[in-house]
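FYI, the numbering for the sequence shown is 8 to 67, going by the working numbering.
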Amino acid sequence: EIPQDGSDIKIDLWVVMCYGVNIAQVAQNVMETVSYEIENMTGLRPIEINVNVVGVRVLK
Numbered sequence: 008e009i010p011q012d013g014s015d016i017k018i019d020l021w022v023v024m025c026y027g028v029n030i031a032q033v034a035q036n037v038m039e040t041v042s043y044e045i046e047n048m049t050g051l052r053p054i055e056i057n058v059n060v061v062g063v064r065v066l067k
């Protein structure tokens with residue numbers, strides 16, 4: 008949800024990662040990509056993006 012009053016944008020994401028990936032690097036990439044896309048689409052820059060890893064999936 009993006010506030011309509013010009014207030015700060017804070018984003019919480021919950022993700023499941025694949026086993027074997029560098030979780031810290033993937034989380035950083037997700038934060039950067041989300042920040043870029045939100046700013047591109049809305050003109051507003053998020054002040055906080057939280058990536059919560061809720062699980063790790065093993066691919067068969």
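Every residue gets a Cβ at the ideal spot worked out from N, C-alpha and C, and that includes glycine. Keep in mind that this is a model prediction, so the values were computed, not measured.
task = Over the uninterrupted beta strand (DSSP E) stretch that includes Ile56, give me the two end residues.
result = Numbered from its first residue, the sequence shown carries residue 56 at position 49. Its beta strand (DSSP E) spans residues 55-64.
message = Let's test the definition: count the other Cβ atoms within 10 Å of the Cβ of Ala31 and tell me whether it reaches 16, buried, or not, exposed.
response = Looking up residue 31 in the sequence shown gives position 24. Result: exposed.
key: Residue range of the beta strand (DSSP E) that includes Val23   = On the sequence shown, position 16 is the one that residue 23 refers to. Start and end: 17-25.
inquiry  = In the DSSP assignment, the alpha helix (DSSP H) including Asn36 goes from what residue to what residue?
reply    = The residue you call residue 36 lines up with position 29 of the sequence shown. 30-49 is the extent of the alpha helix (DSSP H) around Asn36.
key: Inter-residue spacing [alpha-carbon to alpha-carbon] between Asp15 and Leu51   = One-based indexing of the sequence shown puts residue 15 at position 8. One-based indexing of the sequence shown puts residue 51 at position 44. Those two C-alpha atoms are separated by around 8 Å.
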